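Beneath this line is the structure, given in structure tokens, with notes to follow.
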Amino acid sequence: MNTTELRHALRTLPFLDACARAPGEYVELSGPPSPKLLVWQPDAVDWIFRSDQALGHPGSRSLIPLLGRSSLLWGDGERHAAYRRVLGPPLRGRKLSRYHDVIASTVHDAIDALRPGTVLPLSAWTRGVALRIIGRIILGPGENGAHTVDAVLARFAAWIERALGSRSRTLAYRFLRGRLPPSGPELDRLFTTTARAAARAHPHTLAGLLLDDAGPLAGMRDAELRDQVASLLFAGHETTASATAWAVYWLDREPAVRHDVLAELAATSDDGADSTRVPLLHAVLQESLRITPPVPAAGNRVLREDTELLGRTLPAGTTLAPSIYLAHRRPERFPSPARFDPGRFLGGRVEARHYFPFGGGDRHCLGSQLSQLEARMIVAALLRRRTLRCADPGAGVPQLRGHAMAPASRLRMVVTACHD
Ligand code: HEM
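Mapping to this note's numbering: the sequence shown position 218 is 220, numbers consecutive.
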């Protein structure tokens, strides 16, 4: 690892901020024999997403040992396409209404527990809520075979906390021990037995769809199933939790915006599920995803042949990582990029080459609509039912957990009033 890669790994956000004005809007993290470029130049980003089918997707060196070699997050070819055919349709459009009740009940149970005076570690609280929601969507409700879903989720959360809970611990595992702590055979067995029990009892869960005997993934073996359960639980909660925590944080920082969102909520009975009925709340979420993207870089892409891009010839084997964080801070597209301004998103869609919190191309996040639905519903319920104030606004600095960027764990909110 050279010094640029080391700075990128150890001090990711200061490194990215220092790169913001790099000529050409890309930065070379490493040169031959394994060239790697971080890219945010809009035409190049657009080319990468449009060319996805011809590119390789090697995945992340730190996450592969955790989530497994056969994870759909870095699978390629026909098997990857089959995963998208199975999981894509239930996670978008009208089909999402199937998850409305599970989201609403989980959110309201979590808010019931918040009494005036409660001090809330914001990131940990949103992680708990998002994990319970995605856990039920994947593994079904409550009792399931020999173990409750909540028990599996608690074991999963403890493992992820051990591996990714602190950046320095993650790097120490990677560089001193050679890899992150594995989930272990007992938790792996819990993933697969709970998923198979869910598939039998609740065929509409994501486990049920993966294991459908009539579907394109029929006959999946335990090792592959384990990787998908771990991957979906992971991808489906850290990021949504971070997006939600950032939206709550920004609303606390911007009282005028919070006032307008509260007025919007007072004028509708919608619980945040329908984005067209809460356009300002939706724009707040879009702007949070811009200024504090939960995933600062989309997945790595590898060129399979020499390619003219960024005004030079990039050799086959070059890795390209689209930088979400830097694309979202280009002043040419987002004037005064450090200013939180949901108005940027009230005028219509922003082109994907400029704004891609969920990545793009063939790998565009499968949970993008679900996560936005969840975040809107959590924030709407919180604003309606509780008044919260940040205990220490200075603690709202971003912190990396693995690949996700969330408010620092020391950011706490205090519940000052209850409106039930
Ligand atoms: C705000 C919340 C979320 C954010 C910001 C986010 C972001 C991303 C990003 C940046 C990628 C990589 C795309 C690329 O490389 O081009 C991705 C992929 C993925 N996400 Fe999400 N995600 C979120 C929520 C979710 C949820 C709730 C799920 C659960 C269903 C999920 C499942 C996935 C999967 C399965 C992939 C891999 C897609 C593929 O490679 O074909 N994500 N996400």
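Beta carbons are placed, not taken as given, at the ideal position from N, Cα and C, and that holds for glycine. For clarity, every value in this text was computed on a predicted model and none was experimentally measured.
(message) Threshold first: 4 residues or longer. Then list the alpha helix (DSSP H) segments lying entirely within the segment 152-206, N to C.
(response) 169-174, 187-203
(message) Measuring straight from C-alpha to C-alpha, what distance separates S62 and P34?
(response) Near 19 Å, if we compare the C-alpha coordinates of P34 and S62.
(request) Work out the CA separation of A406 and F427 for me, nearest whole Å. (result) Residue coverage of the chain in this structure runs from 3 to 422, which leaves residue 427 outside it and unanswerable.
(message) Please identify the residue among D394, A383, S338, A11 whose C-alpha is closest to the C-alpha of D422.
(response) A383
(request) Counting only the same chain and skipping the five closest in sequence on each side, list residues whose C-beta sits under 6 Å from that of R279. (result) T270, D272
(message) Suppose you measure from the CA of R134 to the CA of T108; what does that come to, to the nearest Å?
(response) 7 Å
(request) Taking W434 and F360 to be in contact with their CB atoms under 8 Å, please state how far apart those CB atoms are, rounded to whole angstroms. (result) No information on residue 434 is available, as it lies outside the stretch 3 to 422 that the chain covers here.
(message) Taking the alpha-carbon of G79 as reference, which of P37, P60, L267, D394 has the nearest alpha-carbon?
(response) P60
(request) Return the CA-CA distance between A148 and A156, expressed in angstroms with no decimal places. (result) Note that A148 scores a pLDDT of 48, beneath 50, so its modelled location is shaky; the value from the coordinates is reported in the next line. So the alpha carbons of these two residues sit roughly 15 Å apart.
(message) In the DSSP output, which residue or residues are listed as bridge partners for S325?
(response) A299
(request) Can you tell me which of the three DSSP states R260 falls into? (result) Correct three-state label for R260: helix.
(message) Taking a contact to mean a Cβ-Cβ separation below 9 Å, would you say V250 touches M379 in this structure?
(response) no
(request) Using the Cα positions of A243 and A126, report the straight-line distance between them to the nearest angstrom. (result) 8 Å
(message) Taking 7 Å as the limit between beta carbons, can you name the residues of its chain near L93, skipping five residues before and five after?
(response) So the list reads L368, G369, Q371, L372, once near-sequence residues are dropped.
(request) Would you decide whether R151 is buried or exposed? Buried here means 16 or more other CB atoms lie within 10 Å of its CB. (result) Looking at the sequence itself, residue 151 is Val, so the reference to Arg does not match. Here V151 is buried. Its C-beta has 16 or more other C-beta atoms within 10 Å.
(request) Can you grab the Cα-Cα spacing for the pair R391 / S411, in whole Å? (result) Cα-Cα distance, rounded: 16 Å.
(request) Can you have a look at A258 and say buried or exposed, based on whether 16 or more other CB atoms are within 10 angstroms of its CB? (result) exposed
(message) Can you determine whether any heavy atom of ligand 1 sits closer than 8 Å to the C-beta of E376, and answer yes or no?
(response) yes
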